[in-house]
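Participant: Mind having a look at this structure? Questions to follow.
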Amino acid sequence: MGLLLEIKNEYLSFFTPAGEVKALNDVSLGIDDGEVLGIVGESGSGKSVTAYSVIGLVPSPGKITGGSVSFKGREIQGLAEKEMRKLRGNEIGMIFQDPMTSLNPVYTIGNQIREVILLHTGKSKEEANARVLELLREVGINEPEKRMKQYPHELSGGMRQRVMIAIALACEPKLLIADEPTTALDVTIQAQILELMIELQQKLGMAIIVITHDLGIVASICKRIAVMYAGRIVEYGSVRDIFYNPMHEYTKGLLNSLPQLSDRSRKRLIPIPGVPLDMLEMPEGCPFAPRCGSCMKICLKEAPPEIYKGEGHYASCWLVNRQIQQNEMEGPVV
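If you count by numbering that gives the first Met the number 0, then the sequence shown holds residues 0 to 333, one letter each, in order.
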């Protein structure tokens, strides 16, 4: 497996009348061929903006102000729109957050899937229609001949989400970005959609980036997790690292706010105190410091470095740095 997508030191801001909103601040991550990566965080943490920056769909007045994005070893940031269109859909597929607003209400399902196939492949209309039926069957939609003639409002939420997956997979991309793929779906349908995504990922061998605020989703399908807060990756590691050995206080807060089915003590859930950071006024130090119960003076004054604790597992936290230094000073127990 080789490196498929690499984001290096990316900065992105929205230049609004109220001021500069620094949406991404020095974001770096990579994903290998066939890997499933989860990006987790609260609303406004920069998860979706990271995805949109990859495919060149950052809404105005957003602008990338630094860093680079490479796909299959090729720099794609700054590509002309014509070149980016060839990449979108063909090499990189995207499942958008809300299928009802992402699907065009005045075109049939078949028309919308067929359009992607005709745009990116040399197939004839008849071949494209056959491919539409094949895709609808692959994503588990019954009576595909009937469904392709229907409009989005005639389908249930789960079926619309399956149609979005069919559109994203129409050209068998190497990378699929799924932005909140189970939002507004009931638990049973969520499980079906996640199972479908993994089944298709294994069949096609593609990589997937799952953007979500639901840690349960990433636990079930992802290999590695990037935890984002205030436009930064505050912790990065394997699923086992994040769930069983979390380092950053924000990650610990997310985990402590989850209900535990095995816990019979009926303990109250512990919410993360405070409110998300105002991105117009970025602090000098750690962005999570105002909400952190373990905040130190240095946290308010200086941005923490990336502290590694094991292979591929790091967190940007001064507290972790202090703990490691104390362990080194104490030395091994004899």
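A virtual CB, placed ideally from N, CA and C, is assigned to each residue, including glycine. Computed from a predicted model, the values in this text were never measured in an experiment.
Taking DSSP as the reference, what is the three-state secondary structure of Gly65?
Facilitator: Note: Gly65 maps to strand in three-state DSSP.
Participant: What's the call for Arg223, buried or exposed, on a 16-neighbour Cβ count within 10 Å?
Facilitator: Its Cβ being crowded by 16 or more others within 10 Å, Arg223 is buried.
Participant: Count the other C-beta atoms from every protein chain shown that fall within 10 angstroms of the C-beta of Gly45, then say buried if there are 16 or more, exposed otherwise.
Facilitator: Buried, by the Cβ-count rule.
Participant: So, at 7 angstroms on beta carbons, what are the nonlocal neighbours of Ala167 in its own chain, with the 5 sequence-adjacent residues on each side left out?
Facilitator: Contacts found: Gly92, Met93, Ile94, Leu175.
Participant: When DSSP labels each residue in this structure, what does Asn255 get in the three-state scheme?
Facilitator: Asn255: helix per DSSP, three-state reduction.
Participant: Please confirm if the stretch 282-291 is in contact with the stretch 220-234, defined as three or more CB-CB distances below 8 angstroms between the two stretches.
Facilitator: Contact holds: three or more Cβ-Cβ distances are below 8 angstroms.
Participant: What residue range does the beta strand (DSSP E) around Pro50 cover?
Facilitator: Checking the sequence shown, residue 50 turns out to be Ala, not Pro. Looking at the DSSP string, Ala50 is not in any beta strand (DSSP E); the run it does join, the alpha helix (DSSP H), is 46-53.
Participant: Going by CA-CA distance only, name the one from Ser315, Thr15, Glu114, Leu253 that's closest to Cys298.
Facilitator: It is Ser315.
Participant: I'd like the ranges of any alpha helix (DSSP H) spanning at least 4 consecutive residues and lying wholly in the stretch 186-233.
Facilitator: DSSP runs (the alpha helix (DSSP H)) wholly in the stretch 186-233: 186-203, 214-220.
Participant: Please report the distance separating the alpha-carbon of Gly204 from that of Glu80.
Facilitator: Roughly 27 angstroms separates the two Cα atoms.
Participant: For Gly40, is the classification buried or exposed, using 16 other Cβ atoms within 10 angstroms of its Cβ as the cut-off for buried?
Facilitator: So Gly40 counts as buried.
Participant: Ordered along the chain, which non-local residues of its own chain (more than five positions away) have a Cβ less than 6 angstroms from that of Tyr51?
Facilitator: Excluding positions up to five away in sequence, the list reads Val57.
Participant: Restricting to Cα atoms, I'd like to know which of Ala127, Ala129, Leu184 is closest to Ser155.
Facilitator: Ranking Ala127, Ala129, Leu184 by Cα distance to Ser155 puts Leu184 first.
Participant: Excluding the five sequence neighbours on either side, which residues of its own chain have a C-beta within less than 8 angstroms of the C-beta of Val333, listed in chain order?
Facilitator: Low local confidence applies: a pLDDT of 41 at Val333 is under 50, so the model's placement there is unreliable, and no value is given.
Participant: With respect to the alpha helix (DSSP H) encompassing Leu4, which residues constitute its N-terminal and C-terminal limits?
Facilitator: Looking at the DSSP string, Leu4 is not in any alpha helix (DSSP H); the run it does join, the beta strand (DSSP E), is 2-15.
Participant: Would you tell me roughly how many angstroms separate the C-alpha atoms of Arg290 and Leu78, rounded to the nearest one?
Facilitator: Straight-line Cα distance between these residues: approximately 39 angstroms.
Participant: Candidates Asn24, Leu11, Leu3, Tyr243: which alpha carbon is nearest Pro282's?
Facilitator: Among Asn24, Leu11, Leu3, Tyr243, the Cα nearest to that of Pro282 is on Asn24.
Participant: Please name the residue, chosen from Glu34, Lys71, Trp317, that lies closest to Ser237 on a Cα-to-Cα basis.
Facilitator: Among Glu34, Lys71, Trp317, the Cα nearest to that of Ser237 is on Glu34.
Participant: With Asn110 as the anchor, note down where its alpha helix (DSSP H) starts and where it stops.
Facilitator: Run containing Asn110: 108-119, per the alpha helix (DSSP H) assignment.
Participant: Under 7 angstroms Cβ to Cβ from Met246, same chain only, skipping five residues before and after it: list those, please.
Facilitator: The residues are Glu234, Lys308, Ala314, Cys316, Val319.
Participant: In terms of DSSP beta bridges, what is Asp31 paired with?
Facilitator: Answer by DSSP bridge pairing, in chain order: Leu2.
Participant: By Cβ distance below 7 angstroms, which residues in the same chain neighbour Ile269 in space, the five residues on each side in sequence not counted?
Facilitator: Excluding positions up to five away in sequence, the list reads Asn255, Ser256.
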